[in-house]
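J.: Numbering (this note's numbering), first residue to last: 999 to 1672. We treat Cβ as the ideally placed atom computed from N, Cα and C, and that holds for glycine. Okay, here's the structure, questions in a sec.
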Amino acid sequence: MTNTVGYSAIVGALVVSLVGAVIAFAAVRTGRSGLAALGRRASYVVFGLACLANLTMVYALVTHDFSVGYVAQVGSRSTPMFYTVISLWSSLDGSILFWGLIIAGYTAAVVYIHRSRYRELMPAVAGTLLVVNAFFWLLLAGPANPFTQVFPVPADGPGPNPLLQNHPFMGLHPPLLYLGYVGLAVPFAFGIAALITGKLGGDWIRAVRRWTMAPWIFLTCGIVAGAWWSYEVLGWGGYWAWDPVENASFLPWLTATAFLHSIMVQERRQTLKTWNILLVVATFLLTLFGTFLTRSGILASVHAFTEGLIGPFFLGFITFVLLASLVLLAWRTDELKSEPTLDSVASRETAFLLNNLLLVAFTFTVLLGTMYPLIAEAVRGVKVSVGAPYFNRMSVPISLALVFLAGVGPALPWRRGSPELLSRKFVWPSAVALLAGVGFWLLGARDFWTWLTLVLAVLAVGLLWGEFWRPARARMQAQGEGMGRALASLTLKNRRRYGGYVVHLGIVVMAVGIALSATYRKEREVTLAIGQSAEFAGYVVRLDSLYAGREAHRDFVEAAFGIGKGSEQLAVLTPRLNYYPMSDQPIGTPHVRTRPHEDLYLSLMAYARDGSTATVNIIVNPMVVWIWIGGGIVALGALFAISTVGTGGVTGRRPEIAVERDAQPIRAAVGGSD
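In structure tokens:
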């Protein structure tokens, strides 16, 4: 019964998606509002069927219905309930099913929210999204069917992948990534709708900004959460290894970030129209490409689903999307011509263009390093590897240039900046950054790239602070308000602008954390007997005990280490090795003591069978916590930027008008820029 209900919902969603897409595109051609309404209703029905299919699978997992193929693959009676539920996305077929729920949810939300707006665009948007829906439901009805019948029914199953039940963060990391990945289909749909209808002006740009920001926030949080999961769970003391599947999530983030900057130029200057269409198409193609890498079985990765035969389906759909997009672009070439040109090098448009070029260069660099081993093996039959040295050598200069622009871009005015304005904005932050550079050098920052990161971070923070402080001071003088109230008034009236500045600040904080943790990390592996101590990086690490235990779904060996500095006892850290029934190798769980200036990271590597000794890897990682804090600042800033009050994001109003009409001194303070 469970198999029948679940599979029927999948087939129903496929049929309704296809029929709804045909109806929606018929509405585009005929302009009939009745057909457009039917297309919207089809989106709602698909979402309802997606909910039914997913709830049916969760029910099968929770009730241990091993007659369902996916449950027999990932379920187990000994798996705790939390991991049983999240095993919905722990393997190939279930993750595609969850993917279908998210794309159906985005589709229903988009057509509902805009049911009375953008009447010429929305039927094409709905039709495009329903085509994407149909592709994923086709996979689920065919090669990725999670509701296959199992006979004879097994008494128990192996449980989910041990790595996916070793830390509760797996309940957060994949859904965030999926919400980001899948949500980037929405700006693609708006871009295709603009091409189909010829409405290439401001409407689709105004509509798409929030529909890009929201998945961008999810994707950002998912990437940071994945790095945190890697750091807290895998036991190697790092957070980013340039793993191909890590890269696959990073690539669309880069192009989506470029798009969020370049649409501001189109809003302001009515230029970069073709570029913006290309960016949304490239972003969606990169999400499909990343999904293909993860689920086709061509990669060996701790993140990849190596079973399944869906690779050819993805390659076919990627080819279809690419060809259809190129045909539409060629069709609308004349309408995409942009008249305005840059007025000055010292302008915000120039900064945004440089930002876009750097992000695209970054994308190409990561894509090349990710694909080269696969291409080399396919063409020459030779296995090669492209590791972290390549990615670091190529990405560090680009990243530093982006940090520089994170501060400089907001400080530059639109169109053209006068020498007096540029001097007022840049002299003091530059002087402070140079003085800070001398101080960093004297304090021991001898690595050039790290030193340069710190100097550019100080410059960026100084420039960003100036963008808050100067308008607030002008408002104080004009309105007689205190600094706090003036800042609050400005930020609340200009959420898009100041939220963006907070995002830039978060990126700078993350850059500092990455630079310092990568450069000044210290590591030592040592074997200790019970009661024996070792000194490392100012810490005293003493092995107090070593013991074994059993939990419902795993066995474990845990060591207790007393941590001290001098005669002071700081904490007891308990790293462990977990043993799962379906894994031949233990899965380590490190224990991390986090402080603002550094982390002490202990990972249990081995132990004597008689419990007399244990081998521990001791790592001191400076400033790692600021990576997670910076990620939180980015997310909060982006949420503030798309919040509803005073942003002008839906209507397309200039969000800075409230500042400019308050008083002339404010306009003078910000140089007429936004």
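#1: Hey, how far is the Cα of residue 1111 from the Cα of residue 1291?
#2: Taking buried to mean at least 16 other C-beta atoms within 10 Å of its own C-beta, is residue 1649 buried or exposed?
#3: Under a three-way DSSP split, which group does residue 1589 fall into?
#4: Enumerate in chain order the residues of its own chain whose CB-to-CB distance from residue 1014 is below 8 Å, with the five nearest sequence positions on each side excluded.
#5: Grouping DSSP H, G and I as helix and E and B as strand, with all else coil, what is residue 1264?
#6: What does the alpha-carbon distance come out to for the pair residue 1328 and residue 1257?
#7: Enumerate in chain order the residues of its own chain whose CB-to-CB distance from residue 1513 is below 6 Å, with the five nearest sequence positions on each side excluded.
#8: What's the gap between the Cα of residue 1178 and the Cα of residue 1634?
#9: Please return the same chain residues whose Cβ sits closer than 6 Å to the Cβ of residue 1163, not counting the five positions on each side in sequence.
#10: Between the segment 1143 to 1154 and the segment 1070 to 1080, can you find at least three pairs of beta-carbon atoms closer than 8 Å?
#11: Please check if any C-beta of chain B sits within less than 7 Å of the C-beta of residue 1005.
#12: To the nearest angstrom, how far is the alpha carbon of residue 1609 from that of residue 1519?
#13: Please report the straight-line C-alpha distance between residue 1453 and residue 1344, rounded to a whole angstrom.
#14: Report the residue from 1545, 1612, 1475 and 1131 whose alpha carbon sits nearest the alpha carbon of residue 1018.
#15: Specify the secondary structure class of residue 1559 as computed by DSSP and reduced to three states.
#16: Could you check whether the segment 1602 to 1620 touches the segment 1548 to 1566, counting it as contact only if at least three pairs of C-beta atoms, one from each stretch, sit closer than 8 Å?
#17: Between the Cα of residue 1364 and the Cα atoms of 1322, 1392 and 1190, which residue gives the shortest distance?
#18: For residue 1276, which of 1250, 1216 and 1566 has the nearest alpha-carbon?
#19: I'd like the span of the alpha helix (DSSP H) that includes residue 1489, first residue to last.
#20: Identify, in the order they occur along the chain, each residue of the same chain with its Cβ nearer than 6 Å to the Cβ of residue 1272, setting aside the five sequence neighbours on each side.
#21: Could you spell out where the alpha helix (DSSP H) holding residue 1071 opens and where it closes?
#22: Use the C-beta contact count for residue 1426: other C-beta atoms within 10 angstroms, 16 or more gives buried, fewer gives exposed.
#23: Taking 8 Å as the threshold, find out whether the segment 1497 to 1515 comes into contact with the segment 1526 to 1533 through three or more Cβ pairs.
#24: Does DSSP put residue 1525 in a helix, a strand or coil?
#25: For the putative contact between residue 1412 and residue 1266, defined by C-beta atoms under 8 Å, what is the C-beta separation to the nearest angstrom?
#26: For residue 1651, which residues from the same chain have a beta carbon less than 6 Å from its beta carbon, with the 5 sequence-adjacent residues on both sides left out?
#27: Express the C-alpha separation of residue 1445 and residue 1472 in angstroms, rounding to a whole number.
#28: Can you say whether residue 1645 is buried or exposed, counting buried as having 16 or more other CB atoms within 10 angstroms of its CB?
#29: According to the neighbour-count rule (16 or more other Cβ atoms, all chains shown, within 10 Å of its Cβ), is residue 1674 buried or exposed?
#30: Taking 6 Å as the limit between beta carbons, can you name the residues of its chain near residue 1408, skipping five residues before and five after?
#31: Curious, which full-length beta strand (DSSP E) runs of at least 3 residues does the segment 1352 to 1428 contain?
#32: Which same chain residues, not among the five before or five after residue 1374, have their C-beta less than 7 Å away from its C-beta?
#33: Does residue 1650 come out as helix, strand or coil in the three-state DSSP assignment?
#34: Hey, how far is the Cα of residue 1215 from the Cα of residue 1636?
#35: Report yes or no: do three or more beta-carbon pairs, one from the segment 1188 to 1195 and one from the segment 1135 to 1148, lie closer than 8 Å?
#36: Compute the Euclidean distance between the alpha carbons of residue 1101 and residue 1623, then round it to the nearest angstrom.
T.: Looking at the atomic coordinates:
#1: 33 Å
#2: Per-residue confidence for residue 1649 stands at a pLDDT of 38, beneath the threshold of 50, marking its modelled position as unreliable; the derived number appears in the next sentence. Exposure of residue 1649 is indicated by the presence of fewer than 16 other C-beta atoms within 10 angstroms of its C-beta.
#3: strand
#4: Here the set comprises 1040, 1043, 1044 and 1047.
#5: The answer is helix: DSSP assigns residue 1264 an H, G or I state.
#6: 20 Å
#7: Excluding positions up to five away in sequence, the list reads 1448 and 1451.
#8: 16 Å
#9: 1081
#10: With a cut-off of 8 Å, the segment 1143 to 1154 and the segment 1070 to 1080 count as touching, because enough Cβ pairs lie within range.
#11: Included in the structure is just one protein chain, with no chain B present.
#12: 30 Å
#13: 21 Å
#14: 1131
#15: strand
#16: yes
#17: With distances taken between Cα atoms, residue 1364 lies closest to 1392.
#18: Of the listed residues, the one whose Cα sits closest to residue 1276 is 1250.
#19: 1481 to 1491
#20: 1334
#21: 1067 to 1072
#22: exposed
#23: no
#24: strand
#25: 6 Å
#26: For residue 1651, the predicted model reports a pLDDT of 38, less than 50, meaning its position is unreliable and no value from the coordinates is stated.
#27: So the two alpha carbons sit approximately 41 Å from each other.
#28: Summary for residue 1645: the model assigns pLDDT 36, below 50, so the residue's position carries little reliability; its value from the coordinates is reported in the next sentence. It is buried - the Cβ of residue 1645 has at least 16 other Cβ atoms within 10 Å.
#29: Missing from the structure shown is residue 1674; the chain here goes from 999 to 1672 and no further.
#30: Same-chain partners within the cutoff: 1465 and 1499.
#31: none
#32: Around residue 1374: 1380 and 1382.
#33: The pLDDT assigned to residue 1650 is 37, lower than 50, so where the model puts this residue is not dependable, and the model offers no usable value.
#34: Whole-angstrom Cα-Cα distance: 7 Å.
#35: Contact between the segment 1188 to 1195 and the segment 1135 to 1148 is absent, because fewer than three Cβ pairs lie under 8 Å.
#36: Just so you know, the alpha carbons of residue 1101 and residue 1623 end up roughly 33 Å apart.
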